[in-house]
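The listed protein sequences derive, respectively, from chains A and B. So that you can map any letter, position 108 of the first sequence is 108 in this note's numbering, and since no number is skipped, the others follow by simple counting. So that you can map any letter, position 123 of the second sequence is 123 in this note's numbering, and since no number is skipped, the others follow by simple counting.
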Amino acid sequence: MELNVAHLNLSFQGLKVLSDVNFSLHSGSVYCLMGPSGSGKTSFFKILLGILEADSGLIEAPSDLKIVAVFQEDRLCEEFSPIENLTMTVPGHSKELQKRAREVLLNLLPRESLTRPVSTLSGGMKRRVAIGRALWVPSDVIVMDEPFTGLDHETKKNVMSYIKECTKDKLVIISTHQSEDASLLNGTLISLS
Amino acid sequence: MKSATVRFKSTGMILFWLLLWQVASVALHNNIILVGPLEVIHSLLFQAFTVEFWKTIAFSFGKISLGFFLAFMAGIIIGGAAYRFPLLEDFLQPPVSFLKSVPVASFIILALIWIGSENLSLFISFLVVFPMIYIHTMAGLRSADKKLLEMARVFRMPPFKKLYYIYRPALLPHLISGCRVALGMSFKSGIAAEVIGVPGHSIGERLYMAKIYLSTADLFAWTLVIVVISAAFEALFLRVLSLASPTSVLVKRREE
Chain A
1 MELNVAHLNL SFQGLKVLSD VNFSLHSGSV YCLMGPSGSG KTSFFKILLG ILEADSGLIE
61 APSDLKIVAV FQEDRLCEEF SPIENLTMTV PGHSKELQKR AREVLLNLLP RESLTRPVST
121 LSGGMKRRVA IGRALWVPSD VIVMDEPFTG LDHETKKNVM SYIKECTKDK LVIISTHQSE
181 DASLLNGTLI SLS
Chain B
1 MKSATVRFKS TGMILFWLLL WQVASVALHN NIILVGPLEV IHSLLFQAFT VEFWKTIAFS
61 FGKISLGFFL AFMAGIIIGG AAYRFPLLED FLQPPVSFLK SVPVASFIIL ALIWIGSENL
121 SLFISFLVVF PMIYIHTMAG LRSADKKLLE MARVFRMPPF KKLYYIYRPA LLPHLISGCR
181 VALGMSFKSG IAAEVIGVPG HSIGERLYMA KIYLSTADLF AWTLVIVVIS AAFEALFLRV
241 LSLASPTSVL VKRREE
């Protein structure tokens, strides 16, 4: 699967956010989108997710493509547990579903935190729930907007290794401020400036 | 310890006002203008041992609470539909504004001509409660977190789960605050309708009779009955409604 971005332009109130952006992305790869704050990383993701419309240009991709995301904010249902935050994104209520969600989350969080309401978890733990949710849902493309914010170095390395393990055949696009993230993820750097 | 002090203080306040009421009635010495709490309790106890008393309560409570339930259900369903289809909201805006602003007494007289007195309190309770629940449902659904809704769209969350996990927590606080007002209003307007329509075996009929026979003790006794059943219904209904809130689930989990 290939995703082509061609001549993408976007401005907000006369301010150019994305200017003639062009690149091609392939499934089975990790791409790290880099650029200073305001360089349009989040806006690009929003266009990709269908939340925002570009002024001009196009993104060519198969029509049945399923894209999921780790948003810049966690966007979790705070009153519910991490397990419920995963299972709520897919149809069904079976025990099997809960078991699978638990298995995914155990790779990212301590066991005792899985049934507590998300509102009682730390910022780093919430971030990992959001990452777990994106990895758990069947998808073709995963977009991650600064997913490692609030994670210490050791946790970040563990999370990265789990992301690599889960996304071997998927297209992963990650926005980050740190170039070392690209090398840790064996990813390709794309600069947005 | 602190709650015991608060309870003691509020009991003391109630006793003070009851005492003042009794003193005022003794000083006035006129059972038509003001009766004391002892006469009211006597009148209440005298009637409480008759079957008619309980039949009267069952009639009025049944009609008013049924009107409330029907309006509650209709308010949520139609409010939900109007949130989903803005054209329906525009279509319903004039009648809802009309229901909100027209005095209840005008409705009661009109409804009395239309449907007679038997189901008058049910109809009036419905008319008073429906716009409140409708408006609070719309406000609750509109308060749902836009970013969570965006997330739900991206993840293609099943509609029922979106309703349960995103809309329900947003809706319930609005619905509870709407019900707090609507519950009291349904009883006030329902009884007022009964006083005007005077259906047989209703609390309104008893109040009307108390007026005819200048029986102030009966008037006070039935007023007390209305206050008690209205407060009990309100407490019970809000308790049931709060059980549907995710916060109560949270409390239960913490207790575990």
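C-beta atoms are modelled at their ideal positions from N, C-alpha and C, and glycine is treated no differently. Just so it is clear, the structure is predicted and the values come from calculations on it, not from any experiment.
Check	Outcome
The alpha helix (DSSP H) that contains tyrosine 299(B), what's its start and end?	Residue 299(B) lies beyond the stretch modelled for chain B, which goes from 1 to 256, so this question has no answer here.
Should leucine 44(B) and arginine 75(A) be called a contact, given that it needs their Cβ atoms to be closer than 8 Å?	no
What separation, rounded to the nearest whole angstrom, lies between the Cα atoms of glutamate 150(B) and threonine 149(A)?	21 Å
Check the C-beta distance from serine 191(A) over to methionine 88(A) and give it rounded, since I have them as a contact under 8 Å.	Serine 191(A) to methionine 88(A), Cβ: 36 Å. No contact.
Kindly confirm or deny that the segment 64-74 of chain B and the segment 125-145 of chain B touch, where touching means at least three C-beta pairs closer than 8 Å.	yes
Report back the beta-carbon spacing between serine 106(B) and glycine 204(B) to the nearest angstrom; my notes put them in contact at under 8 Å.	The Cβ separation is near 17 Å, so there is no contact.
Within a Cβ cutoff of 6 Å, which residues of the same chain sit near valine 172(A), ignoring the five residues on either side of it in sequence?	Val30 and Ile142
Give, in chain order, every unbroken run of the beta strand (DSSP E) that is at least 3 residues long and sits entirely within the segment 105-161 of chain A.	141-145
What first and last residue would you give for the beta strand (DSSP E) that runs through cysteine 179(B)?	It is not in any beta strand (DSSP E) - cysteine 179(B) instead sits in the alpha helix (DSSP H) that spans 168-197.
So if DSSP puts valine 227(B) in a beta bridge, which residue, or which two residues, is it bridged to?	Valine 227(B) is not bridged to any residue.
I need the straight-line Cα distance from phenylalanine 91(B) to alanine 27(B), nearest angstrom please.	59 Å
For the segment 36-62 of chain A, which residues have a CB atom closer than 7 Å to at least one CB atom of chain B, in sequence order?	Leu49 and Ile51
Please confirm whether proline 138(A) and isoleucine 174(A) have their CB atoms less than 8 Å apart.	no
Whose Cβ in chain A lies nearer than 7 Å to the Cβ of lysine 146(B)?	Simply none; closest approach about 10 Å.
Would you say alanine 69(A) lies against chain B (beta-carbon separation less than 8 Å)?	yes
Put lysine 16(A) into one of helix, strand or coil per three-state DSSP.	strand
Please name the residue in Leu8(A), Cys77(A) and Glu79(A) whose C-alpha comes closest to that of leucine 52(A).	Leu8(A)
Exposed or buried, aspartate 145(A), counting other C-beta atoms within 10 Å across all chains shown (16 or more means buried)?	buried
Step through the CB atoms of chain A and report whether any lies within less than 8 Å of the CB of tyrosine 165(B).	yes
Taking the straight line between their C-alpha atoms, what separation do you get for arginine 153(B) and alanine 144(B)?	14 Å
Let's see if you can read the secondary structure: which residues bound the beta strand (DSSP E) around threonine 176(A)?	171-176
Is DSSP giving methionine 132(B) helix, strand or coil here?	helix
Quick check: what's the CA-CA separation for isoleucine 41(B) versus leucine 171(B)?	42 Å
May I ask whether a heavy atom of the ligand NAD can be found less than 7 Å away from the beta carbon of phenylalanine 59(B)?	The ligand NAD is not part of the structure shown, which contains no ligands of any sort.
Indicate whether the contact test is met: 3 or more Cβ pairs, each with one atom in the segment 76-84 of chain A and one in the segment 114-127 of chain A, closer than 8 Å.	yes
When the Cα atoms are used, what is the spatial distance from isoleucine 163(A) to leucine 106(A)?	13 Å
Any residues in the segment 75-96 of chain A with a beta carbon nearer than 7 Å to a beta carbon of chain B? Which ones, in chain order?	Arg75, Cys77, Glu79, Phe80, Met88, Thr89 and Pro91
Find out if the Cβ-Cβ distance for the pair lysine 69(A), phenylalanine 45(A) is shorter than 8 Å.	The question names lysine, but residue 69(A) in the sequence shown is alanine. Cβ distance < 8 Å, so alanine 69(A) and phenylalanine 45(A) count as in contact.
Once you ignore the five residues that flank arginine 102(A) on each side, which residues in its own chain have a CB closer than 8 Å to its CB?	Ile83 and Leu114
Going along chain B in order, which residues have a C-beta closer than 9 Å to the C-beta of glutamate 73(A)?	Lys147
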